[in-house]
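Here the structure comes first, spelled out in structure tokens, and everything after it is commentary.
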Amino acid sequence: MREHVDAALKELEWIENSGQFCGIGLPTLLAQQPYLSDSSLDPVWSFLNERAMVVNMHPTGCGVNSPWLLRHKLEWVNGAPVEDATATLELLKADIPRRFPHITFHVAHLGGDLPMLAQRIEDNYEDWDAFPASPNESLRKFFFDAANFHEPSLALAAETFGVSQLMGGSDFPYFQEEKYVRAFDYVRTSRFTDEEKK
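Under the UniProt record's numbering, the residues of the sequence shown are numbered 1 to 198, in order.
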């Protein structure tokens, strides 16, 4: 594993030195593990934190390695948003955002089912110490792209995280042509004020 971390750090140095990037994209799951919260990745998180970089997380399409999702070919239909939420909750559980507070986290697809489960997640923190800090407070510091295309979901995410934490997102190249256009039109025609849509 150490050789992979060293290779990642070398690549991060190249990214930084190029002056062309503000951050990196990470898959929600890594091959052969470790998970994003694994302590072996702390040097990577430290590097990103010291440089106040952006981390964009996007699902892999492996259906959180669930035979149930994979057997029924639901890895993108439902597996992708489950990956978004699970990877985010994993980071919160490991206290990554508080341990590395200068990283800006960006999660795809409005964070999957996080907006819908926000109260349940917070209750698990309050009643069973499921997280080291308030998940809802932590999530309000994350950014989420609007690549979901369902206006009621957008409204729920805005209410849950704050409209300032949402940004446009198309999910390109997965959606193209009219669905690419729809990704932004649904925000433009949403219930939000013109100021909020900016």
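Here a beta-carbon is modelled for each residue, glycine too, at the ideal position from N, C-alpha and C.
Contact between G162 and R140 holds, with the beta-carbon distance rounding to 6 Å and staying under 8 Å. Per DSSP, V64 is not a residue of any beta strand (DSSP E), being assigned neither H nor E.
Looking at the backbone, the Cα of A133 and that of L92 are separated by about 8 Å. Residue environment analysis places E83 among the buried positions, since at least 16 neighbouring C-beta atoms fall within 10 angstroms of its C-beta. At a Cβ-Cβ threshold of 8 Å, S138 and P101 do not count as neighbours.
Checking the DSSP bridge columns, you'll see N56 partnered with G25 and H106. With a cut-off of 8 Å on Cβ pairs, the stretch 181-198 is in contact with the stretch 151-158, counting three or more such pairs.
Straight-line measurement puts the Cα of H106 at about 15 Å from the Cα of T160. Just so you know, the alpha carbons of S66 and P173 end up roughly 24 Å apart. When DSSP reads this structure, F144 sits in a beta bridge with V107 and L166. Cβ neighbours of E90 within its own chain (closer than 8 Å, five residues either side excluded): Y35, L36 and S37. Straight across, the Cα-Cα distance linking R182 with F149 is about 7 Å. In this structure, C62 keeps its C-beta atom at 8 Å or more from the C-beta atom of L26.
For T86, the uninterrupted alpha helix (DSSP H) segment begins and ends at G79 to K93. When the beta-carbon positions are compared, A7 and V44 stay at least 8 Å from each other. If you check the CB distance, L110 and A146 come in under 8 Å.
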